[in-house]
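See below for the structure under consideration.
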Amino acid sequence: MDLVDLIVSKCLPRLAPSILSADFARLGEQVLEVQQSGADRIHVDVMDGHFVPNLSMGAPVVQSLRRVTRLPLETHLMISNPDLFLEEFAEAGADSFLVHWEGNNNLHRTVQRARVLGKRVGVAINPATPAAVLEEILPDLDQVLVMTVNPGFGHQRFIDTTLGKIGRVRRMIERINPRCDLEVDGGIEAVTAPRVVEVGANVLVSGSAIFGDSEGVASAMRRLRTAVAGPLPTAG
Ligand code: DX5
Ligand code: ZN
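The opening position of the sequence shown corresponds to residue 1070 in our numbering, with each subsequent residue numbered one higher.
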């Protein structure tokens, strides 16, 4: 990445490639590719076949990735009882936890447990969950994750009705905890990225649009960054 790319990328929404769509046979290599292309963090989707109808990866993957990248590893826990696994992921080298509001009767406790482990913490909400559920927990969070598809699979179509909610979450963040990140996850590519940024997202998770791009990871990252850059300022 050259200097101009670097400066631009620091002012723009941050990119969090989701390795769910990576080639697992050369995962370390693919993570290094997105790192070199300016990724800000690596998004690790953890699924238990119960909270969502799919299985993915666990703490050993985080442990292996910790050895190959300096980027923050954020774990998106799509699992029924995240409290049981926080310690294991923290020991493996996870930097942050994204835990779901859905199905957690003691969300505040989960958030505090992540804090005690010294990690950043965010709460994720599914497409049908209203923004309002975040109101009381927001002061305790470093980030909110608005799901723009139903969790469980990569390469799904972006759900348009989440745009209004992203705007509502942005206004709530400005009012209650302005330092909180607003991340979105699902169906984010060059067309949907500017739309979510326009309504207030500042961290974009993207899986298939990056790792599934026929021209390669670097070109996909550049395309996403360009899509959210907006018109260049004119001289004079
Ligand atoms: C879906 C996951 C996403 C997934 C996004 O449950 O949380 O992080 O990898 O994939 P794309 O970008 O392909 O929609
Ligand atoms: Zn995710």
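Where is the CB? At the ideal position from N, CA and C, for every residue including glycine.
Smallest Cα separation from V1286: which of A1094, R1083, L1081 and A1108? Here residue 1286 corresponds to residue number 217 of the sequence shown, with the count starting at 1. Checked all of A1094, R1083, L1081 and A1108; the closest Cα to V1286 is A1108.
For T1130, tell me which candidate among L1176, A1094 and D1282 has the shortest Cα-Cα distance. If you number the sequence shown from 1, residue 1130 lands on position 61. The residue you asked about is not Thr; residue 1130 is Val in the sequence shown. Minimum Cα distance to V1130 is reached at A1094.
Are there any heavy atoms of the ligand ZN lying less than 7 Å away from the beta-carbon of H1145, as far as the coordinates show? As a working mapping, residue 1145 is identified with position 76 in the sequence shown. Yes.
So is Q1105 buried or exposed if we call it buried at 16+ other beta carbons inside 10 Å? The residue labelled residue 1105 in the question sits at position 36 within the sequence shown. Q1105 is exposed by the Cβ-count criterion.
Go through its chain and collect everything with a Cβ distance to L1251's Cβ below 8 Å, but skip five positions before and after it. Within the sequence shown, residue 1251 is the residue found at index 182, counting from 1. Here the set comprises Q1212, V1213, V1215, I1235, V1238, R1239, I1242, G1269, A1270, N1271 and V1272.
Skipping 5 residues on each side, what residues in its chain have a beta carbon closer than 6 Å to that of A1161? As a first step, residue 1161 must be located in the sequence shown, where it is residue number 92. So the qualifying residues of the chain are A1128, V1131 and Q1132.
Return yes when the Cβ of A1193 is within less than 8 Å of the Cβ of V1168, no when it is not. One-based indexing of the sequence shown puts residue 1168 at position 99. One-based indexing of the sequence shown puts residue 1193 at position 124. A contact, by the Cβ cut-off of 8 Å.
Extent of the continuous alpha helix (DSSP H) run through T1144: As a working note, residue 1144 is residue 75 in the sequence shown. Run containing T1144: none in the alpha helix (DSSP H); it sits in the beta strand (DSSP E), L1142 to M1147.
Is it the case that the CB of S1277 approaches a heavy atom of the ligand FAD more closely than 7 Å? Of the ligands one can find in the structure shown, namely the ligand DX5 and the ligand ZN, none is the ligand FAD.
Count the other CB atoms within 10 Å of the CB of S1078; is the residue buried (16 or more) or exposed (fewer)? Your numbering for residue 1078 matches position 9 in the sequence shown. Any reading at S1078 needs caution, since the residue's pLDDT is 48, under 50, leaving its predicted position unreliable; the model's value is listed next. The residue is buried, with at least 16 neighbouring Cβ atoms inside 10 Å.
Hey, how far is the Cα of L1293 from the Cα of T1144? For the purposes of this step, residue 1293 is taken as the residue at position 224 of the sequence shown. For the purposes of this step, residue 1144 is taken as the residue at position 75 of the sequence shown. Approximately 22 Å between the Cα atoms of the pair.
Helix, strand or coil for I1306, going by three-state DSSP, please let me know. The question about residue 1306 has no answer here: the residues shown for the chain are numbered 1070 through 1305.
Kindly provide the ranges of any beta strand (DSSP E) runs that are 3 or more residues long and lie completely inside the region 1209 to 1277, ordered along the chain. 1212 to 1216, 1250 to 1254 and 1272 to 1275
Entirely enclosed beta strand (DSSP E) segments - the region 1126 to 1188, minimum 3 residues: 1142 to 1147 and 1165 to 1169
In terms of alpha-carbon separation, which member of E1258, L1186 and D1209 lies closest to P1247? Counting from one through the sequence shown, the residue named residue 1247 turns up at place 178. Nearest of E1258, L1186 and D1209 to P1247, Cα basis: D1209.
If you reduce the DSSP assignment to three classes, tell me which class I1088 lands in. The residue you call residue 1088 lines up with position 19 of the sequence shown. Helix at I1088.
Indicate the three-state DSSP secondary structure (helix, strand or coil) for R1291 in the structure shown. As a working mapping, residue 1291 is identified with position 222 in the sequence shown. R1291 falls in the helix class under three-state DSSP.
A1201 burial status per 10 Å Cβ neighbour count (16 or more: buried): Sequence index remark: in the sequence shown, residue 1201 carries index 132 (1-based). A1201 comes out exposed.
Whole angstroms are fine: how far does the CA of G1255 sit from the CA of Q1225? Here the question's residue 1225 lines up with position 156 in the sequence shown. Here the question's residue 1255 lines up with position 186 in the sequence shown. Computed Cα separation, rounded: 7 Å.
Beta strand (DSSP E) segment containing V1113, residue limits: Stepping through the sequence shown from its first residue, residue 1113 is reached at position 44. Per DSSP, V1113 belongs to the beta strand (DSSP E) from I1111 to M1116.
Within 7 Å: the Cβ of L1089 and any heavy atom of the ligand DX5? Within the sequence shown, residue 1089 is the residue found at index 20, counting from 1. It does: the Cβ of L1089 is within 7 Å (strictly closer) of some heavy atom of the ligand DX5.
Using DSSP with H/G/I as helix, E/B as strand and the rest coil, what is G1281? As a first step, residue 1281 must be located in the sequence shown, where it is residue number 212. Looking at G1281 - three-state DSSP - the assignment turns out to be coil, as it is neither helix nor strand.
Got a sec: does the ligand ZN put a non-hydrogen atom nearer than 7 Å to the Cβ of V1274? Taking the sequence shown and counting its residues from 1, one reaches residue 1274 at position 205. At least one heavy atom of the ligand ZN is nearer than 7 Å to the Cβ of V1274, so yes.
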